[in-house]
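Peer 1: Each residue of the sequence shown is one higher than the one before, starting from 86 at the first, in my numbering. Structure incoming, see below.
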Amino acid sequence: MVDEPLRVLVIGSGAREHALVRSLAADPGVGEVWCAPGNPGTASEPGAAGNRRVEVGDGAAVTALAQDVGADLVVIGPEGPLVAGVADAVRAGGIACFGPSAAAARLEGSKAFAKEVMAAAGVPTASARVASTADEVAVALDAFDVPGVPFVVKEDGLAAGKGVVVTTDRALARAHGVACVEGGSTVVVEEYLDGPEVSLFVLSDGTHAVALEPAQDFKRVGDGGTGPNTGGMGAYSPLPWAPPGMVAEIVTRVAQPVLDEMAARGTPFVGVLYCGLALTAAGVRVVEFNARFGDPETQVVLARLQTPLGGLLHAAATGRLGDHAPLAWSAGAAVTVVVAAHGYPGTVRTGDEVSGLEGVAGAGATALHAGTARDGEGRLVSAGGRVLSVVGGGASLAAARDAAYAGVGALVMEGSRHRSDIAAAAASPRG
């Protein structure tokens with residue numbers, strides 16, 4: 086534990102960062118929390134110190150800002166700065182940082198590298214082939230061509246949640262793969278994993294693993310899992326259908342072996358390892374790793390976390406996670422619904438006025454800002470694809486879902502879209 090209240094700088098500008106700022110500002114062990122560059126929501130979050138300007142991918146600039154505000158801890162939200170080595174620069178400046186080094190962030194930055202690490206660590210995942218030419222894409226598709234089973238084609242690098250195509254249409258799968266390789270990327274073509282998906286955040290100080298509560302997100306833009314993949318249209322936690330012992334099994338079979346392998350390579354992973362998993366008939370299989378908190382799962386997981394967040398992240402950043410007390414969780418549930426702009430996830434229209442936030446609060450929900458901005462007249466307007474993440478809480482998933490959708494119903498934004506079925510199946514009496 087630290088003797089003085091922590092001063093924390095959060096890097097990023099989305100709903101994930103707003104959720105982090107909100108939780109940190111509510112932590113009695115945190116004295117001040119800034120967000121850079123932040124958004125209108127982080128700027129007005131009660132108890133927070135406001136926003137600061139910074140180029141998030143510039144390690145020297147982030148370090149200088151952290152020094153300027155006297156930060157004891159820097160928390161890096163997005164994947165881009167992590168892969169670019171911003172955490173390395175912050176640590177070199179003598180400041181504790183929650184977020185992996187560039188070398189460790191390759192677990193997200195390269196899907197092929199993640200497959201290599203999993204193979205070395207004996208971690209169960211989908212079989213895969215890496216392709217770097219159009220001919221290799223075709224050969225890889227042949228290897229996984231099973232009637233009625235979707236093809237899975239992933240761009241190797243960072244793609245903001247949109248570099249994956251899952252389709253039974255071979256021509257579409259091939260077109261995506263060829264477009265990637267012709268654009269200079271390699272692709273990973275892999276076995277389709279059938280079964281419910283689970284998102285699990287595992288905190289690490291480079292050695293120890295501490296799992297948060299699991300969540301499930303919804304990637305497709307339309308109800309019933311239709312339409313293209315997105316960065317995420319909603320999430321919920323807990324998972325009433327999850328088998329007993331699931332989290333412990335994931336830590337034992339997936340997270341800890343990967344952390345041990347990264348440490349053995351001389352690139353210890355410090356931060357949060359996002360484990361995206363499928364519960365298949367053959368058992369747990371890894372779909373993907375991310376090197377940071379996922380969005381929108383962070384919004385629901387942090388809404389349920391009762392352990393103060395600042396001390397937890399500081400312990401991970403300073404090698405003391407093994408000494409931290411067990412985590413405490415709300416017995417209730419949380420559901421988040423993403424409200425997206427007109428045209429999302431395609432060509433997005435920005436500049437539409439956003440109103441009704443008071444009604445969101447009146448409905449017992451919270452509006453976390455993602456793609457919002459203030460225009461020249463001071464109005465809140467849309468400024469990105471995913472505009473707001475509305476979080477509802479309750480004693481049950483059904484109650485949390487009702488609160489979230491009541492909050493969504495209070496918002497007014499021309500042309501907005503959202504899914505109407507987030508957590509619907511899990512919240513129903515039949516589960």
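Glycine included, each C-beta is placed from N, C-alpha and C at the ideal position.
Any idea what DSSP makes of Leu257, helix, strand or coil?
Peer 2: Residue state, collapsed to three classes: helix.
Peer 1: With a floor of 4 residues, list each alpha helix (DSSP H) that falls wholly inside the stretch 233 to 311, ordered by position along the chain.
Peer 2: If we require 4 residues or more, the alpha helix (DSSP H) runs fully inside the stretch 233 to 311 come out as 255 to 267.
Peer 1: According to DSSP, what are the bridge partners of Phe183?
Peer 2: Val160, per the DSSP bridge assignment.
Peer 1: Can you tell me where the beta strand (DSSP E) with Ala418 in it begins and where it stops?
Peer 2: Ala418 -> beta strand (DSSP E) spans Ala418 to Ala425.
Peer 1: Contact defined as beta carbons within less than 8 Å: I believe Val159 pairs with Val141. What is the distance between those atoms, to the nearest angstrom?
Peer 2: The pair is not a contact, with the Cβ atoms about 11 Å apart (cut-off 8 Å).
Peer 1: DSSP on Thr148, reduced to helix/strand/coil?
Peer 2: It is helical.
Peer 1: In its own chain, which residues sit with a C-beta less than 7 Å from the C-beta of Pro90, not counting the 5 before and 5 after it?
Peer 2: These residues qualify, in order along the chain: Gly114, Val115 and Gly116.
Peer 1: Among the residues of its own chain, which have a CB less than 6 Å from the CB of Ala169, if the five just before and after it don't count?
Peer 2: Within the same chain, Ala169 has close Cβ partners Gly142.
Peer 1: Mind checking which residues open and close the alpha helix (DSSP H) that includes Gly492?
Peer 2: Its alpha helix (DSSP H) spans residues Leu482 to Ala495.
Peer 1: Would the beta-carbon of Leu167 fall within 9 Å of that of Ala446?
Peer 2: Against a cut-off of 9 Å, the Cβ pair of Ala446 and Leu167 comes out as no contact.
Peer 1: Please check the pair Gly62 and Val422, which I expect to be a contact at CB under 8 Å, by giving their CB distance rounded to whole angstroms.
Peer 2: The displayed coordinates of the chain run from 86 to 516. Any statement about residue 62 would go beyond what the structure contains.
Peer 1: Check whether the stretch 473 to 481 and the stretch 446 to 457 are in contact - that is, three or more C-beta pairs closer than 8 Å.
Peer 2: These segments touch.
Peer 1: Using a Cβ-Cβ cutoff of less than 7 Å, which residues in the same chain neighbour Pro381 once the five nearest sequence positions on both sides are dropped?
Peer 2: Closer than 7 Å at Cβ, skipping near neighbours: Ala100, Asp302, Gly317, Gly319, Ala320, Thr421, Val423 and Ser474.
Peer 1: Measure the alpha-carbon distance for Arg137 versus Ala146 and round it to whole angstroms.
Peer 2: Roughly 11 Å separates the two Cα atoms.
Peer 1: Tell me which residues share the same chain as Gly224 and place their Cβ nearer than 8 Å to its Cβ, disregarding the 5 neighbours each side in the sequence.
Peer 2: For the sequence presented, residue 224 should be read as Val rather than Gly. Correct list, in chain order: Arg214 and Ala216.
Peer 1: Could you tell me which of Ala296, Ser481, Ala340 and Asp157 sits nearest to His399, measuring between CA atoms?
Peer 2: Per the Cα distances, Asp157.
Peer 1: Is the stretch 116 to 133 in contact with the stretch 170 to 190, if contact means three or more CB pairs nearer than 8 Å?
Peer 2: Judged by Cβ distances under 8 Å, the stretch 116 to 133 makes no contact with the stretch 170 to 190, as fewer than three pairs qualify.
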